[in-house]
Amino acid sequence: MTVATRCSWCGAPLEPDEGYRAAEIAGERKAAFCRLEHVVPWAMHGAHWEAGLPDEPAPPDPALDRCSECDAALDDTRILLVRHRGEHLVGDAFCGAEHLMLWARAGGRYR
Ligand SMILES: [Zn+2]
Ligand SMILES: [Zn+2]
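Structure representation (structure tokens):
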């Protein structure tokens with residue numbers, strides 16, 4: 001029996017091919033979201049991570065070397081956010097939870 005992934009904010013169950021997975025690789029912490037909007041209240045209420053890393057690695061992408069919000073160069077302390085959309089994984093990276101939150105609040109990739 002596998003434990004279903006649930007949204008870190010509202011607790012909605014997530015299928016493997018939907019929602020967003022966030023990870024702080026260096027800290028081996030993770031979170032999941034049913035939709036991008038739920039990143040915002042989660043981050044504003046202290047960003048409660050779970051231990052461990054997501055099952056699915058982020059797709060290799062040179063864009064993950066820079067913060068999607070401020071364009072700062074990133075190291076292993078980066079936060080990754082991967083959108084699961086069917087078979088496609090779309091990744092973004094951030095210098096910290098605050099910039100993840102600002103980016104999500106602004107509408108993410110499709111602002
Ligand atoms: Zn949710
Ligand atoms: Zn940043």
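When we follow my numbering, the leftmost residue of the sequence shown carries the number 1, and every step to the right adds one.
Note that the Cβ used here is the ideal one computed from N, Cα and C, for glycine as well.
Just so it is clear, the structure is predicted and the values come from calculations on it, not from any experiment.
- Residues lining ligand 2 by the Cβ criterion, that is a Cβ closer than 6 Å to any of its heavy atoms, are C67, E69, C70, A72, F94, C95 and H99 in chain order.
- The alpha-carbon separation between S8 and D61 amounts to approximately 25 Å.
- Non-local beta-carbon contacts of P13 in its own chain, meaning distances under 6 Å to residues more than five positions away in sequence, involve A4 and R6 in chain order.
- Bounds of the beta strand (DSSP E) holding L89 are H88 to F94.
- Here H45 is exposed. Its C-beta has fewer than 16 other C-beta atoms within 10 Å.
- Residues of the same chain with a CB within less than 8 Å of the CB of C70, apart from the 5 flanking positions on each side, are C95 and H99 in chain order.
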